[in-house]
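Visitor: Line by line, the protein sequences are chains A and B. To get my numbering, take the position in the first sequence, counting from 1, and add 450. To get my numbering, take the position in the second sequence, counting from 1, and add 450. Quick one: this structure, given as structure tokens, is what I'll be asking you about.
Number of protein chains: 2
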Amino acid sequence: MTQQTVESIPSQSRPQAHLRPAQPKAGGAPGPEDVYERIYVAILEHRLPPGTKLGEDRMARIFGVSRARIREVLARLAHEGVVELVPQRGARVARPTPEQARDIFEMRRLVEPGVVARLIRDLNPAKLRRLQGHLAEEHDARVRNDKPAVIRLSGEFHNLLAEVAGNDIMARTMRELTSLTCLIIALYDAPTTDACRDDEHAQIVDAIGDKNVDKASRLMVAHLDHIEASLDLSGVGDEVDLERVFAG
Amino acid sequence: MTQQTVESIPSQSRPQAHLRPAQPKAGGAPGPEDVYERIYVAILEHRLPPGTKLGEDRMARIFGVSRARIREVLARLAHEGVVELVPQRGARVARPTPEQARDIFEMRRLVEPGVVARLIRDLNPAKLRRLQGHLAEEHDARVRNDKPAVIRLSGEFHNLLAEVAGNDIMARTMRELTSLTCLIIALYDAPTTDACRDDEHAQIVDAIGDKNVDKASRLMVAHLDHIEASLDLSGVGDEVDLERVFAG
DNA sequence: CCCAAAAAATATGTAGACAAAATTGTTGAA
DNA sequence: TTCAACAATTTTGTCTACATATTTTTTGGG
């Protein structure tokens with residue numbers, strides 16, 4: 451990679467930092483971080499739906515950087531699972547299968563209770579305020595009816611829990627899991643659903659504030675179950691993936 | 451990445467496949483997979499100790515490939531956490547801190563019980579045989595007194611559980627966790643330890659064979675605790691990391 | 001009119017070369 | 001003798017150009 455800097459392991463974590471202009475100099479080169487961030491956010495917010503082709507040359511021109519740069523960014527996104535790289539065919543926004551979707555939720559039910567447990571273990575007022583601050587942001591986006599932001603912030607709530615909990619490995623894993631969950635929602639969300647009701651997040655934060663590990667964990671698992679239940683993973687809605695079907 | 455092929459998410463999983471000659475054509479180009487695999491295995495087996503400088507030009511000449519290829523491989527290894535990339539300073543084998551070490555074990559205690567639970571849920575004779583086959587390999591390496599292989603296979607046992615369990619996300623995460631655990635052992639293993647006793651793995655497989663989720667989970671957690679307990683994470687044994695110490 | 005095959009166009013994979021930065025070694029002065 | 005500044009070497013970061021593979025279009029035949 452180019453300058454993803456940072457110390458050993460928690461390499462490409464950093465949930466939402468870098469909210470700088472993204473295009474510092476007028477016609478200048480937008481650092482690799484900016485390119486990464488902009489594509490990543492566009493995917494999370496469903497502005498680049500699953501399956502969208504991401505041509506290298508085109509992206510290079512759009513962002514005004516060299517193709518090599520784009521390749522690096524795409525490789526990174528591919529490693530995080532939000533982009534599919536097929537050898538001689540280029541990159542597309544990933545389309546997790548229903549099976550992968552179920553696997554991801556299974557994993558989240560495993561990890562997230564551990565996250566809240568750790569978070570409660572050494573909780574302090576400052577940490578709690580960060581969580582409440584995020585709840586406010588979410589609520590705000592909701593009343594503004596800013597759909598893309600709501601989607602992104604809902605995922606970032608879970609990232610924030612892991613980050614505040616202070617375990618870098620957990621935080622990194624959660625970031626991957628929430629990204630993929632965003633894609634899954636884009637693909638399989640049953641149109642009837644009223645989406646993540648934000649009071650579930652609020653309830654979880656309340657339980658955390660009370661240092662009630664058991665309650666917080668149960669609420670978290672229930673929350674995940676609700677999200678999964680709101681999906682249609684029956685497999686028929688499978689957006690027939692021709693390439694995958696006739697691959698072997 | 452170059453041709454890491456494969457379907458969407460479980461991209462760079464593939465635990466130990468590709469054991470082909472690694473140098474197919476005499477003086478020919480050894481595909482990127484081979485380069486990756488050889489470096490990766492060398493790190494896992496402690497033949498490249500933590501902190502080892504991995505110069506691009508040198509590696510390129512060693513493997514007879516272009517520097518670009520090496521850069522890609524290094525980037526991938528960095529993303530998996532086994533290599534540290536510092537912006538203008540190049541790549542080194544990662545040196546997880548004691549804190550990161552504790553975080554990793556905390557994560558493993560969270561995930562691995564879930565892995566065995568899932569594994570038992572749809573267990574079949576073929577799967578059980580794979581596990582037993584691995585136990586045999588481990589035992590073999592032990593009686594041959596092949597230290598590097600023992601280290602690697604001990605980690606791969608855990609990867610195999612996740613792989614056989616059939617959840618790609620879990621398998622990928624486990625692969626990262628076991629890699630980092632290998633580095634941690636290289637750094638912090640107290641010399642007195644008699645290392646992972648392989649009968650612990652055997653006991654776990656037995657419990658799995660009996661479909662005893664509770665017992666298997668407990669044995670797994672105990673196993674992880676034993677490994678962690680055999681380390682010296684007191685922080686004084688910290689292989690003084692000059693850069694980190696005088697950084698701020 | 002439709003299908004098949006070939007050729008053009010587009011896009012990806014790879015390599016080599018150049019520029020910038022950092023480390024190392026050397027020289028000179030206090 | 002020791003420290004500091006300077007210079008040379010090594011190493012990383014980046015870009016541009018070329019080779020290869022794939023997709024699309026066109027052309028010819030059935």
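Even glycine gets a Cβ: it sits at the ideal position worked out from N, Cα and C. The model shown is predicted, which means the values in this text are computed figures rather than measured ones.
For the stretch 646-664 of chain B, which residues have a CB atom closer than 7 Å to at least one CB atom of chain A, in sequence order?
Guide: Listed in sequence order: no entries.
Visitor: So Ile658/B and Leu573/B are supposed to be a Cβ contact under 8 Å. How far apart are they, rounded?
Guide: Contact holds; Cβ gap of about 7 Å.
Visitor: May I ask you to check if the CB of Leu498/A is nearer than 7 Å to at least one heavy atom of the ligand MN?
Guide: In the structure on display, the ligand MN does not appear, and there are no ligands present to speak of.
Visitor: For the stretch 525-543 of chain B against the stretch 522-532 of chain A, do three or more pairs of beta-carbon atoms, one drawn from each stretch, fall closer than 8 Å, so that the two count as touching?
Guide: Touching, yes, given that three or more Cβ pairs across the two stretches are closer than 8 Å.
Visitor: Considering only their Cβ atoms, is the gap separating Cys632/A from Leu504/A smaller than 8 Å?
Guide: No, they are not a contact pair.
Visitor: On the criterion of 16 or more Cβ atoms from any shown chain inside 10 Å, does Gly685/B qualify as buried, or is it exposed?
Guide: Burial call: exposed.
Visitor: Helix, strand or coil for Asp682/A? Go by DSSP, reduced to three states.
Guide: It is coil, neither helix nor strand.
Visitor: What are the uninterrupted segments assigned as alpha helix (DSSP H) that are 4 or more residues long and contained completely in the stretch 611-669 of chain A, given in chain order?
Guide: Entirely contained in the stretch 611-669 of chain A, the alpha helix (DSSP H) runs reaching 4 residues are, in chain order, 618-638 and 648-659.
Visitor: Which two residues bound the contiguous alpha helix (DSSP H) that contains Val565/B?
Guide: Pro548 to Arg571 is the span of the alpha helix (DSSP H), which, as asked, contains Val565/B.
Visitor: Do Arg542/B and Glu534/B have their C-beta atoms within less than 8 Å of each other?
Guide: Cβ atoms of Arg542/B and Glu534/B: closer than 8 Å.
Visitor: Helix, strand or coil: how does DSSP classify Gly478/B here?
Guide: With a pLDDT of only 43 at Gly478/B, under the threshold of 50, the placement of this residue in the model should not be trusted; the figure read from the coordinates follows. Coil, per DSSP.
Visitor: List the endpoints of the continuous beta strand (DSSP E) containing Arg497/A.
Guide: Run containing Arg497/A: none; DSSP gives neither H nor E here.
Visitor: Beta-carbon of Leu560/B versus every beta-carbon of chain A: anything under 8 Å?
Guide: Interface residue, yes.
Visitor: Between which two residues does the beta strand (DSSP E) harbouring Val533/A extend?
Guide: Run containing Val533/A: Val533 to Val536, per the beta strand (DSSP E) assignment.
Visitor: At a CB-CB cut-off below 8 Å, which residues of chain B make contact with Glu506/A?
Guide: Those within 8 Å of Glu506/A in chain B number zero; the least Cβ separation is about 13 Å.
Visitor: Would you mind reading off the limits of the beta strand (DSSP E) that contains Gly583/B?
Guide: Looking at the DSSP string, Gly583/B is not in any beta strand (DSSP E); the run it does join, the alpha helix (DSSP H), is Pro575 to Val593.
Visitor: Let me know the secondary structure DSSP gives Val485/A once reduced to three states.
Guide: Here Val485/A sits in helix by DSSP.
Visitor: Are any of the Cβ atoms in chain A nearer than 8 Å to that of Gly564/B?
Guide: So, interface residue.
Visitor: What does DSSP give as the partner residue(s) for Arg542/A in the beta ladder?
Guide: For Arg542/A, which the question treats as bridged, DSSP gives the partners Lys503/A and Glu534/A.
Visitor: Thinking C-alpha only, which one of Asp649/A, Ala652/A, Val663/A and Glu606/A is nearest Leu627/A?
Guide: For Leu627/A, the nearest C-alpha among the options comes from Glu606/A.
Visitor: Rounded to whole angstroms, what's the CA-CA distance from Glu650/B to Leu669/B? Just pull it up for me.
Guide: Cα to Cα, the separation comes out at about 8 Å.
Visitor: Does Asn617/A come within less than 8 Å of chain B when only Cβ atoms are used?
Guide: So, interface residue.
Visitor: Since I believe Ala551/A is in contact with Ile634/A (beta carbons under 8 Å), could you give me their beta-carbon distance rounded to a whole number of angstroms?
Guide: With 8 Å as the limit, Ile634/A and Ala551/A qualify as a contact, their Cβ atoms being about 5 Å apart.
Visitor: For Ala525/B, decide whether its Cβ has a neighbour in chain A, counting only Cβ atoms nearer than 8 Å.
Guide: Yes, contact with chain A.
Visitor: Closer than 9 Å between beta carbons: that is the criterion. Which residues of the stretch 596-624 of chain A meet it against chain B?
Guide: Residues Gly616, Asn617, Asp618, Ile619, Met620, Arg622 and Thr623.
Visitor: How far does the alpha helix (DSSP H) with Val523/A in it extend, from its first residue to its last?
Guide: Per DSSP, Val523/A belongs to the alpha helix (DSSP H) from Arg517 to His529.
Visitor: Using only the alpha-carbon positions, how far apart do His496/B and Pro598/B sit?
Guide: For His496/B and Pro598/B, the distance between alpha carbons rounds to 7 Å.
Visitor: Report yes if the C-beta distance between Val671/B and Pro563/B is below 8 Å; otherwise report no.
Guide: It is a contact, given that the beta carbons lie within the stated cut-off.
Visitor: List the residues of chain A whose Cβ lies closer than 9 Å to the Cβ of Met557/B, in chain order.
Guide: The answer, in chain order, is Val561, Gly564, Asn617, Ile619, Met620 and Thr623.
Visitor: Taking just the CA atoms, how far does Leu585/B sit from Asp682/B?
Guide: Cα to Cα, Asp682/B sits roughly 27 Å from Leu585/B.
Visitor: Would you say His496/B lies against chain A (beta-carbon separation less than 8 Å)?
Guide: Not an interface residue.
Visitor: Measure how close the beta-carbons of Leu581/A and Leu603/A come, nearest whole angstrom, since I'm counting them as under 8 Å.
Guide: The pair is not a contact, with the Cβ atoms about 13 Å apart (cut-off 8 Å).
Visitor: Pull up the distance between the alpha-carbon of Leu578/B and that of Met620/A, whole angstroms please.
Guide: Rounded to whole angstroms, Leu578/B to Met620/A spans 30 Å at the Cα level.
Visitor: How many whole angstroms separate the CB atoms of Arg545/A and Pro500/A, which I take to be in contact at a CB cut-off of 8 Å?
Guide: Contact flag correct, Cβ pair sits at about 4 Å.
Visitor: Starting from His673/B, find everything on chain A with Cβ-Cβ shorter than 7 Å and list it in chain order.
Guide: Those within 7 Å of His673/B in chain A number zero; the least Cβ separation is about 18 Å.
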